[in-house]
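Numbering-wise, the sequence shown is residues 3 to 157 according to the numbering used here.
Below you'll find the structure, written out as structure tokens, and then a few comments.
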Amino acid sequence: MSRPFADHLALILADINGRARYQHEPDGRDQWQTPAELFRTGAGDCEDFAIAYWDALRGTTGRHRIACLVLNGYPEPHMVCTTRPSPLAAEWVLDVLADVPYRLADRSDLVMTAYQLGEEQGGPAAWHGGIRLQRTPAKWVDAYWRLMACGDRAQ
């Protein structure tokens, strides 16, 4: 990864992590917040931070996705934002539980990427194993359209 790209990712991670704190949602509650909602409440879980990182990267060169990771030793999946500046470049991760961006391939506890979320053709989309899914999870559809409606960017 080029130094300017690494520095850019580190700035996004530090900025967003400095504006809200990580807080696991209570059992039975799983609302996905837009960045504006995250910053207004001052706290969010991994989905909320992943959406904020993704929003900060939107409009920049590369492929940016919200990824649901299945990890050894974790009882629940974990959401992060992945980014790849070009098709042949390594996939990098912005993760609320990490102080710095890291390469997805360096994650030794990764079992699999369950699915990825993002944007395609002006709307919310989902992929599994690189294949576009016919159905996009409703929580992402809802969060995506709220994000587009508010016009607030995470940057």
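Every residue, glycine too, gets a C-beta built ideally from N, C-alpha and C.
Since the model is a prediction, treat every value here as computed from it, not as a measurement.
From which residue to which residue does the beta strand (DSSP E) around residue i run?
i: Val102; result: Counting along the chain, Val102 falls outside any beta strand (DSSP E), and DSSP gives it neither H nor E.
i: Trp142; result: Here Trp142 belongs to no beta strand (DSSP E); instead the alpha helix (DSSP H) covers Ala140 to Cys152.
i: Gly125; result: Gly125 to His130
i: His80; result: His80 to Arg86
i: Tyr117; result: Leu112 to Glu122
Assuming residue i contacts residue j (C-beta within less than 8 Å), just tell me the rounded distance between them.
i: Pro87; j: Leu96; result: Pro87 to Leu96, Cβ: 13 Å. No contact.
i: His130; j: Tyr146; result: About 18 Å separates the two Cβ atoms, so there is no contact after all.
i: Phe41; j: Ala22; result: 6 Å
Would you call residue i buried or exposed, if buried means 16 or more other Cβ atoms sit within 10 Å of its Cβ?
i: His66; result: buried
i: Gly75; result: exposed
i: Thr43; result: exposed
i: Pro126; result: buried
i: Asp108; result: exposed
i: Glu78; result: exposed
i: Asp50; result: buried
i: Leu99; result: exposed
i: Tyr55; result: buried
i: Gly120; result: buried
Would you mind reading off the limits of the alpha helix (DSSP H) that contains residue i?
i: Thr43; result: Pro37 to Thr43
i: Leu73; result: Run containing Leu73: none in the alpha helix (DSSP H); it sits in the beta strand (DSSP E), Arg65 to Leu73.
i: Met55; result: First, the amino acid is wrong: residue 55 is Tyr here, not Met. Residues Cys48 to Leu59.
i: Ala12; result: Arg5 to Arg21
Please determine whether the Cβ atom of residue i lies at a distance below 8 Å from any heavy atom of the ligand NAD.
i: Tyr104; result: Because no ligand of any kind appears in the structure shown, any question about the ligand NAD cannot be addressed here.
So, is the C-beta of residue i closer than 9 Å to a C-beta in chain D?
i: Ala145; result: Protein chains in the displayed structure number just one, and chain D is not present.
Leaving out five residues before and five after residue i in sequence, what residues of the same chain have Cβ atoms less than 7 Å from its Cβ?
i: Val113; result: Val72, Leu73 and Asn74
Who are the near neighbours of residue i in its chain, counting only those whose CB is closer than 6 Å to its CB and skipping five residues on each side?
i: Asp47; result: His26 and Glu27
i: Cys83; result: Ala52, Tyr55, Trp56, Ile68 and Leu96
Does the region 131-145 touch the region 75-92, meaning 3 or more C-beta pairs lie closer than 8 Å?
no
Check whether the region 59-74 and the region 25-44 are in contact - that is, three or more C-beta pairs closer than 8 Å.
The region 59-74 vs the region 25-44: no contact.
Please determine if the region 4-12 and the region 34-42 are in contact, where contact requires at least 3 C-beta pairs separated by less than 8 Å.
The region 4-12 vs the region 34-42: no contact.
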